[in-house]
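Participant: Chains as they are written, first to last, in my numbering: chain A, 2 to 213; chain B, 7 to 294.
The beta-carbon is built from N, C-alpha and C at its ideal position, and this holds for glycine as well.
#1: Taking only heavy atoms of the ligand NAP into account, decide whether any of them is closer than 7 Å to the Cβ of residue 203 of chain B.
#2: How close, in whole Å, do the beta carbons of residue 107 of chain B and residue 37 of chain B come, if the pair is a contact with beta carbons under 8 Å?
#3: Give the straight-line distance between the Cα atoms of residue 185 of chain A and residue 132 of chain A, rounded to the nearest whole angstrom.
#4: Counting only Cβ pairs nearer than 7 Å, list the residues of chain B close to residue 197 of chain A.
#5: Whole angstroms is fine: what's the gap from residue 253 of chain B's alpha carbon to residue 290 of chain B's?
#6: Output, in chain order, the set of chain B residues within a Cβ distance shorter than 8 Å of residue 174 of chain A.
#7: Tell me whether residue 337 of chain B sits in a helix, a strand or coil according to DSSP, three-state version.
#8: List, in chain order, every chain B residue whose beta-carbon is nearer than 8 Å to that of residue 158 of chain A.
#9: List the residues of chain B that residue 201 of chain A touches, going by C-beta distances under 7 Å, in chain order.
#10: In angstroms, rounded to a whole number, what distance separates the CA positions of residue 96 of chain B and residue 282 of chain B?
#11: When you compare each of B:171, B:43 and B:143 to residue 153 of chain B by their alpha carbons, which one comes out closest?
#12: Is there a Cβ of chain A sitting closer than 8 Å to that of residue 278 of chain B, yes or no?
#13: If contact is defined by three or more beta carbon pairs under 8 Å, each pair taking one atom from either stretch, is the region 211-221 of chain B in contact with the region 187-196 of chain B?
#14: Using a cut-off of 9 Å between C-beta atoms, extract the partners of residue 142 of chain A located in chain B.
#15: When DSSP labels each residue in this structure, what does residue 51 of chain A get in the three-state scheme?
#16: How long is the line joining the alpha carbons of residue 245 of chain B and residue 285 of chain B, rounded to whole angstroms?
#17: Assign residue 64 of chain A to one of two classes, buried (16 or more other C-beta atoms within 10 Å of its C-beta) or exposed (fewer than that).
#18: Determine the burial state of residue 165 of chain B: buried for a count of at least 16 other Cβ atoms within 10 Å of its Cβ, exposed for fewer.
#19: Could you give the DSSP three-state label for residue 39 of chain B: helix, strand or coil?
#20: Return the residue from the list A:201, A:144 and A:171 that minimises the CA-CA distance to residue 128 of chain A.
#21: By a C-beta neighbour count over all protein chains shown, 10 Å radius and 16 as the cutoff for buried, is residue 84 of chain B buried or exposed?
#22: Helix, strand or coil for residue 149 of chain B per DSSP?
#23: Considering only residues of the same chain and omitting the five flanking positions on each side of residue 116 of chain B, which have a CB-CB separation below 6 Å?
#24: Looking at chain A, which residues of the region 104-117 of chain B have a Cβ within less than 8 Å of any of its Cβ atoms?
#25: Run through chain B and tell me which residues come within less than 7 Å of residue 193 of chain A, C-beta to C-beta.
#26: Give me the residue from A:166, A:152 and A:161 with the minimum Cα distance to residue 210 of chain A.
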């Protein structure tokens, strides 16, 4: 596209204009903001009838933990958006992928040069997002451990197997992000896996308990 | 002769000693055609059937030590089988007004819903969930069981942890999420907005996508197979370690999908877009 604007006289203004031109024209929303929005709507919804009189027991603190998890989802998704904006503005470099994930990580890398300071900032965003999710997960996992003995064995198996699968995926995605912290696709996938973990824990903590 | 008598006596008593005694259930309650109904069964199975009568009818059997509850008014009612484990085993059929708003849960029970058209929210902790009908809104989940849906709701959310998810039909706005279950979508597919997320579960999408619609498939390690109708008009963006896009015209455009592959299907004038990302899995796409 041809730029018809007259170059400004003030060099500082010129630099500002060039920086503005480098910004992405549009920013895609976070991978899926709807679960967080829906979680907030559900939390505030007026339920027309009470829960059935069956042995369904919740820990009294479950609700605020779920609300806290929903808040983390929003914060996490926003952080991902920030990372994406930075990542698109400063085309990241191709980095050597860790052993075992080389081809996978390479397919998610973007060509181009990256200012040295950018990797540090992007890595910090990855760490911050991960820490937020991990803190929320830890709370929900504590609740799950307290309820575990009163869930059916088949349910416990399914939940624990799924948590192991998710944690392996988180480890692999974080290892790849360590090499290429500005990869939007990798960050989106990590975000997706973390959201799945929180959702799984939330659902497991809302399951009905056996009465003895 | 004496031995034979003893054997006959043993045969007479063994079944009643090993199988839990049962109670028959046959209860009715009036409910408005679009009334709300909540029902919970902890183990066994429950089949909910929509009918054109403004009443709830619950029939079947429950184990002797469990208790059955059913109550409420014309606008809303609820029922449950209360007990624990095998003691709360139930095998029930529940007829409800077809357009009723339903909330059905099974602890370890299998849940089946047939022929209802109102909003449906159902799930089970470890049982299988099957839905077949014309519900306009479906939210369904199970942890370890399978989830099989044959419907075309405007709004749909399906979730499992390890169980497979099979959706046959079309949905305006659909989202499917599982950790390790296999996902299969057949039929009309997602018309306006579709999202499929797995961690290790494979995905097979054998459906269309509406004009201007979006479909996003994200999986960490699952393989993704897309079988798109020849008539589909969309931009396909793939980011994967390995991809085989058979018979699709390639237009490499790194600006649109850095590190990935972009393909235009059928001219892509509709603006529909399909995005597939898998960190470790393989992507195949065909348009026969």
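Facilitator: The relevant details are as follows:
#1: What this structure holds is no ligand at all, so the ligand NAP is not there to describe.
#2: Contact doesn't hold; Cβ gap of about 10 Å is too wide.
#3: 18 Å
#4: 183, 185, 203 and 205
#5: Bear in mind that a pLDDT of 44 at residue 253 of chain B, under 50, signals an unreliable position, so the number given afterwards is only what the model happens to contain. Near 11 Å, if we compare the C-alpha coordinates of residue 290 of chain B and residue 253 of chain B.
#6: 226 and 285
#7: For chain B, the structure presents residues 7 to 294; residue 337 of chain B sits outside this window and is missing.
#8: Counting only Cβ-Cβ distances below 8 Å, residue 158 of chain A has contacts in chain B at 150, in chain order.
#9: Counting only Cβ-Cβ distances below 7 Å, residue 201 of chain A has contacts in chain B at 167 and 185, in chain order.
#10: 43 Å
#11: Measuring from the Cα of residue 153 of chain B, the nearest candidate turns out to be B:171.
#12: no
#13: yes
#14: Within chain B, no residue comes near residue 142 of chain A; the closest Cβ sits about 15 Å away, beyond 9 Å.
#15: Because residue 51 of chain A sits at a pLDDT of 38, beneath the cut-off of 50, its placement in the model cannot be relied upon, and the point is left open.
#16: 8 Å
#17: At residue 64 of chain A the pLDDT is 49, less than 50, meaning the model places this residue with poor confidence; the figure from the coordinates comes in the next sentence. Exposed is the call here.
#18: buried
#19: coil
#20: A:171
#21: buried
#22: coil
#23: Result list for residue 116 of chain B: 51, 133 and 134, in chain order.
#24: Listed by position along the chain: 111, 113 and 114.
#25: Going along chain B in sequence order, the residues near residue 193 of chain A (Cβ under 7 Å) are 203 and 224.
#26: A:152
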